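Novice: FYI, in the numbering used here the residues of the sequence shown are 16 to 214. Glycine included, each C-beta is placed from N, C-alpha and C at the ideal position. Treat the numbers as computed from the prediction; the structure is a model and nothing was measured.
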Amino acid sequence: MQHILVTGAGGFVGKALCQYLVDLGHTVRACTRSVAVNADLERGIEYYKIEDDFREVDWRHIVDDIDAVIHLAGITQSDGFEADYIYRINVDITIKLAETAARAGVKRFVYLSSIKVNGEMTLDRPFTHLDEPNPSDVYAASKWESERLLHSVLSNTKSELIIIRSPMVYGPGMTGNLLNLVKIIDKGYYLPFKKINNK
16 MQHILVTGAG GFVGKALCQY LVDLGHTVRA CTRSVAVNAD LERGIEYYKI
66 EDDFREVDWR HIVDDIDAVI HLAGITQSDG FEADYIYRIN VDITIKLAET
116 AARAGVKRFV YLSSIKVNGE MTLDRPFTHL DEPNPSDVYA ASKWESERLL
166 HSVLSNTKSE LIIIRSPMVY GPGMTGNLLN LVKIIDKGYY LPFKKINNK
């Protein structure tokens with residue numbers, strides 16, 4: 016059993032992950048910006064409410080006695096924020112948390128990045144971890160910057176770094192463009208997938 020910190024615990028992925036970890040027998044410390052979402056999560060999870068801009072967060076107390084951090088929290092350009100704010104949340108806060116976690120002796124730091132770090136599309140084969148990063152927007156660039164800085168910050172510490180460049184995640188409770196796509200399909204519209212040559 017491990018004591019695991021999950022940031023972004025109120026989000027679509029975070030809610031499912033927290034419940035999954037509890038079901039496995041781990042204890043979870045969940046950081047979330049909204050108190051309202053707590054009712055959706057099962058008991059046995061310790062909550063920390065985080066302000067929207069993260070300005071007042073003292074990570075020292077939050078990472079105390081934590082074995083692993085799973086850092087899901089972040090924002091995208093589609094949220095309507097300016098580039099400097101996206102970098103502050105996706106990069107500055109991430110690095111501050113990682114530095115604090117390493118000093119506290121956290122054994123593992125898992126960072127949810129994005130497949131958008133690799134680029135927007137491939138024509139002859141799927142992306143792999145060996146591809147050169149090619150971020151094309153502010154969100155992807157901020158994720159790539161976080162990855163690079165995390166390697167630097169954690170390289171000489173006892174904290175193992177794991178980076179996941181996730182594609183879009185789908186499932187019950189999803190929101191955004193993928194949900195809109197499902198709704199279109201449910202209405203019986205046909206989409207020109209055959210004409211798309213993206214691997």
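1) Would you decide whether Val-106 is buried or exposed? Buried here means 16 or more other CB atoms lie within 10 Å of its CB.
2) In this structure, how does DSSP classify Phe-124 when only helix, strand and coil are distinguished?
3) What's the C-alpha gap between Leu-164 and Gly-29?
4) The beta strand (DSSP E) spanning Asn-21 covers which residue range?
5) Return yes when the Cβ of Ala-83 is within less than 8 Å of the Cβ of Glu-61, no when it is not.
6) I'd like to confirm the pairing. Which residues does DSSP put opposite Ile-85 in its beta bridges?
7) Taking the alpha carbon of Lys-111 as the reference point, which residue from Asp-73, Met-136, Phe-142 has its own alpha carbon closest?
8) Where does Val-78 sit, in a helix, a strand or coil, going by DSSP?
9) Check for me: the beta strand (DSSP E) holding Arg-163 runs from which residue to which?
Specialist: Per the coordinate set shown:
1) Mapped onto the sequence shown, residue 106 falls at position 91. It counts as buried.
2) On the sequence shown, residue 124 is found 109 positions in, with the first residue counted as 1. Phe-124 falls in the strand class under three-state DSSP.
3) Locating residue 164 in the sequence shown gives position 149, where the first residue counts as 1. Locating residue 29 in the sequence shown gives position 14, where the first residue counts as 1. Spanning the two alpha carbons is a distance of roughly 23 Å.
4) Here residue 21 is taken as the residue at index 6 of the sequence shown, counted from 1. Per the sequence presented here, residue 21 reads as Val, with Asn not at that position. Looking at the DSSP string, the run of the beta strand (DSSP E) that includes Val-21 is 18-22.
5) If you number the sequence shown from 1, residue 61 lands on position 46. If you number the sequence shown from 1, residue 83 lands on position 68. In this structure, the beta-carbon distance from Glu-61 to Ala-83 does not fall below 8 Å.
6) As a first step, residue 85 must be located in the sequence shown, where it is residue number 70. Answer is Val-21, Val-125, bridged to Ile-85.
7) The sequence position of residue 111 within the sequence shown is 96, counting from 1. Nearest option by C-alpha distance: Asp-73.
8) Locating residue 78 in the sequence shown gives position 63, counting from the first residue. Note: Val-78 maps to coil in three-state DSSP.
9) On the sequence shown, residue 163 is found 148 positions in, with the first residue counted as 1. First-last for Arg-163: 153-169, but that is the alpha helix (DSSP H), not the beta strand (DSSP E).
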